[in-house]
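Residue numbers (my numbering), protein chains in the order written: chain A, 1 to 266; chain B, 1 to 266; chain C, 1 to 266.
Idealized CB from N, CA, C, for every residue including glycine.
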Amino acid sequence: MMDASSLWPVVQDLRGRAPLVQCITNFVAMDLTANVLLAAGASPAMVHAPEEAADFVALGGTLSINIGTPSPDWVDGMDAAAAAARRRGTPWVLDPVAVGATRYRDAVVARLLPHGPAVIRGNASEIMALAGQRDAAAKGVDSTRASIDARTAAVELAGRLGCTVAVTGGVDIVTDGRRTIGLANGHPMMTKVTATGCALSALVAAFLAVTDDPLLAAVTAVGVFGVCGELAAEAAAGPASLRIGLIDHLYGLDGATFAKRLRRTE
Amino acid sequence: MMDASSLWPVVQDLRGRAPLVQCITNFVAMDLTANVLLAAGASPAMVHAPEEAADFVALGGTLSINIGTPSPDWVDGMDAAAAAARRRGTPWVLDPVAVGATRYRDAVVARLLPHGPAVIRGNASEIMALAGQRDAAAKGVDSTRASIDARTAAVELAGRLGCTVAVTGGVDIVTDGRRTIGLANGHPMMTKVTATGCALSALVAAFLAVTDDPLLAAVTAVGVFGVCGELAAEAAAGPASLRIGLIDHLYGLDGATFAKRLRRTE
Amino acid sequence: MMDASSLWPVVQDLRGRAPLVQCITNFVAMDLTANVLLAAGASPAMVHAPEEAADFVALGGTLSINIGTPSPDWVDGMDAAAAAARRRGTPWVLDPVAVGATRYRDAVVARLLPHGPAVIRGNASEIMALAGQRDAAAKGVDSTRASIDARTAAVELAGRLGCTVAVTGGVDIVTDGRRTIGLANGHPMMTKVTATGCALSALVAAFLAVTDDPLLAAVTAVGVFGVCGELAAEAAAGPASLRIGLIDHLYGLDGATFAKRLRRTE
């Protein structure tokens, strides 16, 4: 399980069903996130205001919350949406950007976590900070640690919170505490494109709309994103070309290429 | 009238005069909107704060208001700008993103409409919702209805509000209640690029700066945008390439290509 | 001094050290700014909220503040960050977008200036407005004046405020009041890409992290950006292609090409 033959039908379901995905994300990631979701087949909607965030959850989509550029009114909207998601049983994704970097971000995450995200996606520093490893100092929003260093923290965190945790980086680790999957697609130049991790988190939320297994949703998103990123990087003159190719490949990827490219490490 | 020979001079005037266009738009559409306006020849400025939105209207540009990611402070700015536009006789465009999806959006639109937009541009679900057809359920920000289904609603709405209404989709309908124009340019892949409709609304505002006829402004914007979109789509590897090509064609489009491509359906 | 042989090591240092650069910028410029900084080798972080802006300055990066889409809560964050930068001795850059266009923007700049920016970057209208030349009417965010017309204003302003001032346009003028450097790279089509000036301001902040001489930082940023912009423009089908090429060239530029292309005018 969790190989290309079990992931590809999930990719196809997203394209066929075009589910609604509500995103409360940061200002940098808005454009890339919406375009990544559209290219992959979802119907994204950026809806953040406390005045309507919970009402929008009731329309029936899944939800992705990213704290990249937080402020009090936005956090109120995140809280309202996540609370509504919990009440309705809507699965949602948390992307705890730069948690550990400021006390404010720690407080924001502490407020959102009780609403029970189905999946948390972050880089190594973020996941290690969430797991209580305070020496995992990030450099701003970028990790200073290799993703594999966060494997233990991810498994522990997933088990403790009862959710799926995805750590992305050189190797991607996805775990629900019992099952742990490693993936090794992607390309180093992807770190030179802003908001790729943010967009990936929202893509996890899209796949949550077409499968009941959060681990499968996260692995599919990580696998497809990594394969498309490396295909794009191989043809790119630089990071801006890579970004264009990433989106184009998300739109056009076929099952044979996906199966040929996908690399599991565990 | 309303054929390529009457629209093209409007396109050229925009390039020649580079008018100021104030945009209060959503976070997803900021980048594409500004780049579309610059490529087409306008001078866009994103100015939304209540502290300066009305002062900026007094600088003499036209105005485009898009409610895609509304919140109370932004809506105060929209209201101040639209009120200033009404006082000065400045024509302005309203893009009622996802009206009908939440009560909050309905309230926002109800607050803005009395300021008398010259043009309203939306998808079929939005225009049908504005016309009071409550069964026109949208899926988030995306329409579930074909644009042609909204033709009657658009004509009725234009007549009732005394403005021009543009419904865009597979076929684009532009009407001022008396005259109704149909256009059939564009490409389905354009729906996989975020904020194309939002950018088109701002482009209508740009053309309002160079013609006194709102119908002509809207038809020109819809026609040019559709032609450039299909030119881009034909050469695109996917939606991100399409977006690049769309902007490049808006910059470089010539009159002969425009005349050859423009397709009126009524 | 201030030729390619003294600038290129600064470019290489940025790539080698990947310093943290905190940006408080406008909504239009977020995406381009982050991608420009990443491509050039920096580690950007967009952090604006008053709740954390000053804490983030304490992490040790440099700071770039751009007032393109100001509102009171954002200005509070700018003020807190700039004050923290002053206390710590962190060099920061001010981009006074459209100062002079509304009283609100004038008030925002008046509040930030006492915190002592190391570098101010603007277009001719902005720099002339800052220097007190009230006839330098801008058209919204775009300058109506040639950059060379602002040379005297820039030198006077730099001397009075004790900072470096960069005026960009057809010719770029960078001065600290004593030394004045002119550069003539770039391409007119760059004015058709939104937020290039904003991204350039943030790039100055990146170079402030690897040199103690603000004039050198500003000249390096202006030189590299101009060279990459003209390389991109020469191969571009339009402004969207130019933008892609600009970022790709920032990532891949080599020293020989830089030396061959860089054009000093004084």
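- Item | Rounded straight-line distance, which links the Cα of Gly-177(B) to that of Arg-121(C) | Going by the C-alpha atoms only, they are around 49 Å apart.
- Task: Evaluate Glu-266(C) with the Cβ neighbour count: other Cβ atoms within 10 Å of its Cβ, from every protein chain shown; 16 or more gives buried, anything less gives exposed.
- Result: Residue burial is scored here from C-beta neighbours: Glu-266(C) has fewer than 16 other C-beta atoms within 10 angstroms and is therefore classed as exposed.
- Message: Beta-carbon within less than 7 Å of Ala-158(A)'s beta-carbon, same chain only, minus the 5 sequence neighbours each way: which residues are those?
- Response: The answer, listed in chain order, is Thr-164, Val-165, Thr-175, Asp-176 and Gly-177.
- Task: Could you tell me whether the Cβ of Glu-51(B) comes closer than 7 Å to any Cβ of chain C?
- Result: By the rule that beta-carbons nearer than 7 Å mark a contact, Glu-51(B) touches chain C.
- Quick one: give me the first and last residue of the alpha helix (DSSP H) that Thr-196(A) is part of. First-last of the alpha helix (DSSP H) with Thr-196(A): 196-208.
- Cβ neighbours of His-187(C) in the same chain (closer than 6 Å, five flanking residues each side left out): Excluding sequence positions up to five before and after His-187(C), its CB lies within less than 6 Å of the CB of Gly-229, Glu-230 and Ala-233, all in the same chain and listed in chain order.
- Query: For chain B, is any of its Cβ atoms less than 7 Å away from the one on Phe-207(A)?
  - Reply: By this cut-off, Phe-207(A) is not an interface position.
- Nearest-angstrom Cα distance between Ala-58(B) and Leu-246(B)? Rounded to the nearest whole angstrom, the C-alpha separation of Ala-58(B) and Leu-246(B) is 32 Å.
- Under 7 Å Cβ to Cβ from Arg-145(C), same chain only, skipping five residues before and after it: list those, please. The answer, listed in chain order, is Ala-124, Ser-125, Met-128 and Ala-136.
- Message: For Met-30(A) and Leu-7(A), I'd like the C-alpha separation in whole angstroms.
- Response: Met-30(A) and Leu-7(A): Cα-Cα distance of roughly 26 Å.
- Message: Beta carbons nearer than 8 Å to chain A: which residues of the segment 122-156 of chain C have them?
- Response: Along the segment 122-156 of chain C, none of the residues has a CB nearer than 8 Å to a CB of chain A.
- Message: Starting from Asp-172(C), trace the alpha helix (DSSP H) in both directions and tell me its first and last residue.
- Response: Where Asp-172(C) is concerned, there is no enclosing alpha helix (DSSP H), although the beta strand (DSSP E) it sits in stretches over 172-175.
- C-beta neighbour in chain A for Tyr-251(C), strict 7 Å: Contacts with chain A at 7 Å (Cβ-Cβ) include Tyr-251(C).
- Query: Over what stretch of residues does the beta strand (DSSP E) that includes Met-46(A) continue unbroken?
  - Reply: Here the beta strand (DSSP E) through Met-46(A) covers 43-46.
- Query: First and last residue of the beta strand (DSSP E) that includes Ile-247(B)?
  - Reply: Note, Ile-247(B): premise wrong, no beta strand (DSSP E); alpha helix (DSSP H) at 239-252.
- Message: Please list the terminal residues of the continuous beta strand (DSSP E) segment that includes Ala-166(C).
- Response: Counted as a single uninterrupted DSSP element, the beta strand (DSSP E) harbouring Ala-166(C) occupies residues 164-167.
- Item | C-alpha distance - Val-184(C) paired with Phe-258(C), whole-angstrom precision | It should be noted that the sequence gives Ala, not Val, for residue 184(C). Rounded to whole angstroms, the separation of the alpha carbons of Phe-258(C) and Ala-184(C) is 13 Å.
- Message: Tell me the rounded alpha-carbon separation between Gly-68(A) and Asp-55(C).
- Response: Computed Cα separation, rounded: 15 Å.
- Message: Just checking: is the beta-carbon of Met-78(B) within a distance shorter than 7 Å of some beta-carbon in chain C?
- Response: Closer than 7 Å: no.
- Message: Tell me the rounded alpha-carbon separation between Gly-191(B) and Leu-38(A).
- Response: Checking the sequence shown, residue 191(B) turns out to be Thr, not Gly. In this structure, the CA atom of Thr-191(B) is about 8 Å from the CA atom of Leu-38(A).
- Item | Per DSSP, the bridge partner or partners of Thr-62(A) | Thr-62(A) pairs with Val-21(A).
- Query: Taking just the CA atoms, how far does Met-189(A) sit from Val-11(A)?
  - Reply: Their backbone Cα atoms lie some 24 Å apart in a straight line.
- Nearest CA to the CA of Leu-200(A): which residue from Gly-100(A), Ala-40(A) and Gly-16(A)? It is Ala-40(A).
- Neighbouring residues, chain A, relative to His-48(C) (Cβ below 8 Å): Think of a sphere of 8 Å around the beta carbon of His-48(C): the chain A residues whose beta carbon falls inside it are Thr-69 and Ser-71, in chain order.
- Task: Give a yes or no on whether the C-beta atoms belonging to Tyr-251(B) and Gly-170(C) are separated by under 7 Å.
- Result: Taking 7 Å as the cut-off, the Cβ atoms of Tyr-251(B) and Gly-170(C) do not count as close.
- Going by the CB atoms, is the gap between Pro-44(B) and Leu-208(B) shorter than 7 Å? No, these two residues do not count as a Cβ contact at 7 Å.
- Could you tell me whether the Cβ of Ile-24(A) comes closer than 7 Å to any Cβ of chain B? False, the Cβ-Cβ gap to chain B never drops below 7 Å.
- Item | Same chain, Cβ closer than 6 Å to Pro-50(B), five either side skipped, listed in chain order | Exclusion of the five residues before and after Pro-50(B) leaves Asp-76, Gly-77 and Ala-80 as the residues of its chain whose Cβ lies within less than 6 Å of its Cβ.
- Task: For Gly-280(B), return the contacting residues in chain C, with the cut-off set at a CB-CB distance below 9 Å.
- Result: Given a span of 1 to 266 for chain B in the structure shown, any question on residue 280(B) remains unanswerable.
- Does Asn-66(B) come within less than 7 Å of chain C when only Cβ atoms are used? So, not an interface residue.
- Own chain, CB closer than 7 Å to Arg-263(B), minus 5 neighbours either side, in chain order: For Arg-263(B), the CB contacts under 7 Å within the same chain, skipping 5 residues up- and downstream, are Leu-183, Ala-184 and Asn-185 in chain order.
- For Thr-168(B), the nearest candidate out of Arg-17(B), Ala-34(B), Cys-198(B) and Lys-260(B) (CA to CA): Ranking Arg-17(B), Ala-34(B), Cys-198(B) and Lys-260(B) by Cα distance to Thr-168(B) puts Cys-198(B) first.
- Message: For a test of the three-state rule: what should DSSP assign to Thr-90(C), helix, strand or coil?
- Response: Coil, per DSSP.
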